[in-house]
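Counting with our numbering, you get residues 178 to 634 for the letters of the sequence shown. No residue lacks a Cβ here, since even glycine has one placed at the ideal position from N, Cα and C. Predicted model only: the values in this text are computed from it and were never measured.
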Amino acid sequence: MNPRIGVLAATLLLLAVACEKPTIEAELTFAPNVPAPLDRGPAHVIIKLETSEVEMQLADGVTYTFWTFGGHVPGPFIRIRQDDEVEFRLSNHPDSKMPHNIDLHAVTGPGGGAVSSFTAPGHTSTFRFQALKPGLYIYHCATAPVGMHIANGMYGLVLVEPSGGLPEVDREYYVLQSEFYTKQGFGKPGHQPFDMAKAIREDAEYVVFNGAVGALSDEKALKAKVGETVRLYVGNGGPNLVSSFHVIGEIFDRLYSEGGIHPNQENVQTTLIPAGGATMVEFQVDAPGTYILVDHSIFRAFNKGALGMLKVEGEENRVVYSGKVSDEIYRPEGGAIQTLDDDVRKPELETLAQRIEAGKNVYEHNCAACHQMSGQGIPGSFPPLAGSDYLRNKQASIRTVLHGLKGPVTVNGKQFNGVMPALGLSDSEIANVLTYINSKWNNPGYEISPAEVRSQR
Ligand code: HEC
Ligand SMILES: [Cu+2]
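This is the structure:
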């Protein structure tokens, strides 16, 4: 063949192959959000990402100059798919003091893109790679001194979906653990510079999820509803520590350990995530409440910030989880149940108003779970205390709270046949809670003294 025609043919073929794929710009999301599943074939994907150095909050009253991808720590979640051809455009903000680059663990090629993406302040670098291997990968800055760029916040997750996608779930979240090495100790207020010596000693002051203490707490908690399946994409940016990732009160139904694409374990309590590694966990939430995400190297959770929340809303499921059903005095030598001497526990309260107030507190912590906040009970299971004719018998109601109650009982003409546990309350607690109940909800209104309770023991 004429060599020129050969070259032309080859060029046309390349163009034809290239043109099969549509060109799209990747949607990037910041933690804890994850872009929607892709539901598309391979494409030319353009990713635009900017590095910048910004002062943000590390903890209440503590600020830090973070080096970032996209102005956030962690950087955005990048979602692409197997066989995508990616054009990566990394821009470094003109105000940056440092050059930056990116090493994507999803890249097969020298440095994961690091050398090709080295970008001075005020410049943009472009490089291309093909996403050959599906999985969940860390990306990070790899500009020298590498440890310092990572320690200052330059990392994120990139998911390469397998062709065909991952199994469908109801919720997906992005959680990334990392540590910070500040000049002063945990919680010391003010602006905190980076401490290189501590970083070398691996002596972290902060260990956090999603870049700051409290980034996943209270109103920023992850959310789900009872019965839903949740998938967490969890990364560990390090720079040094290995995470013992655990969700208090949950079990990982499926685990894709180390970010590999096949679930390789079921029913896992705690999983290791290496520094510069990732994992995917899936679980169904069965009971409402707050589940706590921790690094189970537990001082990190309670003393350094590695604590997040998943709030699950929905119907109580007392079969899966009952809540506390009783609290009785434990006496190894056996014998009758006895509570501590009241005088040792608490001084006697003076006025009726004080006793009602104290009784309300006892009620909310010991009774409301079954009899409900407004004493209305639950038809068929827990009898009402609001307007209960049973309460007209003062001695019977004292005995019930003191010793518990089981067997058939009729309240306001309705039959109940459950078990009310003895709760191990003191004489004054019982006197106060009954006085409180009696003062409310159209009940008889009499006062009950600790002495009256004592006489029933
Ligand atoms: C674990 C659930 C549970 C808790 C907690 C509980 N109860 Fe009950 N309670 C019951 C059940 C069930 C009955 C009915 C027992 C039966 O059928 O024999 C009952 C019955 C009663 C009755 C008699 C019936 C009525 O409705 O008047 C009183 C009074 C009472 N409880 C008061 C209390 C007080 C006060 C507390 C907190 C100090 C409390 N209970 C905590 C489950 C509970
Ligand atoms: Cu950098």
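Counting of Cβ neighbours within 10 angstroms places I614 among the buried residues, the total reaching 16 or more.
Excluding its 5 nearest sequence neighbours in each direction, P209 has C-beta neighbours in its own chain below 7 angstroms: Y350, Y351, V352, N387, L393 and L399, listed in chain order.
Taking a cut-off of 8 angstroms on C-beta distances, the region 368-378 touches the region 240-258, as three or more cross pairs fall below it. Taking the Cβ of H326 as the reference point, at least one heavy atom of ligand 2 falls within a distance shorter than 7 angstroms.
In the assembly as shown, N444 is an exposed residue. Its beta-carbon has fewer than 16 other beta-carbons within 10 Å. Only residues of its own chain outside the window of five on either side were considered, and among them S434 have a CB closer than 6 angstroms to the CB of N441, listed in chain order. If you check the CB distance, F363 and K481 come in under 8 angstroms.
L418 sits in coil when the DSSP states are folded into three classes, being neither helix nor strand. The Cβ neighbour count for M550, taken over all protein chains shown within 10 Å, is under 16; the residue is labelled exposed. The residues E624, in chain order, have a CB closer than 7 angstroms to that of L529 in the same chain once the five nearest residues on each side in sequence are set aside. No heavy atom of ligand 1 is found nearer than 7 angstroms to the CB of F479. For F265, the closest of K225, Q361 and A608 by C-alpha to C-alpha distance is K225.
Around K583, the same chain offers V596 as residues with beta carbons nearer than 6 angstroms, after the five sequence neighbours per side are excluded.
For T447, the uninterrupted beta strand (DSSP E) run begins and ends at T447 to I450, by DSSP. Burial state of S293 is buried, judged by a 10 Å Cβ sphere holding 16 or more other Cβ atoms. In this structure, the straight-line span from the alpha carbon of A213 to that of A381 is close to 34 angstroms.
Under the criterion of beta carbons closer than 8 angstroms, L313 and F254 do not qualify as touching, at roughly 10 angstroms. Here E379 is exposed, its C-beta having fewer than 16 other C-beta atoms within 10 Å. Within 7 angstroms of the C-beta of S565 there is at least one heavy atom belonging to ligand 1.
Within a 10 Å sphere around the beta-carbon of E534 sit fewer than 16 other beta-carbons, which makes this residue exposed. The beta-bridge partner set that DSSP reports for G333 consists of Y316. Judged by their CB atoms, F422 and I377 are not nearer to each other than the 8 angstroms cut-off. When DSSP assignments are scanned along the region 559-611, the uninterrupted stretches of beta strand (DSSP E) that are 3 or more residues long and fall wholly within it turn out to be 586-588 and 591-593. Per DSSP, the beta bridge partners of Q461 are T406. Judged by their CB atoms, E510 and I575 are not nearer to each other than the 8 angstroms cut-off.
Comparing alpha carbon positions, the residue from P271, A319 and H277 closest to G288 is A319. It is roughly 19 angstroms from the alpha-carbon of P416 to the alpha-carbon of P276.
In the three-state DSSP reduction, D430 falls in the strand class (E or B). Straight through space, the alpha carbons of I327 and N269 are spaced by roughly 16 angstroms.
Residue pairing by DSSP places Y468 opposite L487 in a beta bridge. Annotation for K225: the continuous beta strand (DSSP E) segment containing it runs H221 to A236. The alpha-carbon of V263 is positioned some 6 angstroms away from that of Q307. For L393, there is no enclosing alpha helix (DSSP H), as DSSP gives it neither H nor E. Spanning the alpha carbons of M373 and M331 requires a straight line of approximately 16 angstroms. By the neighbour-count criterion, in which 16 or more other beta carbons inside 10 Å mark a residue as buried, R258 falls on the buried side.
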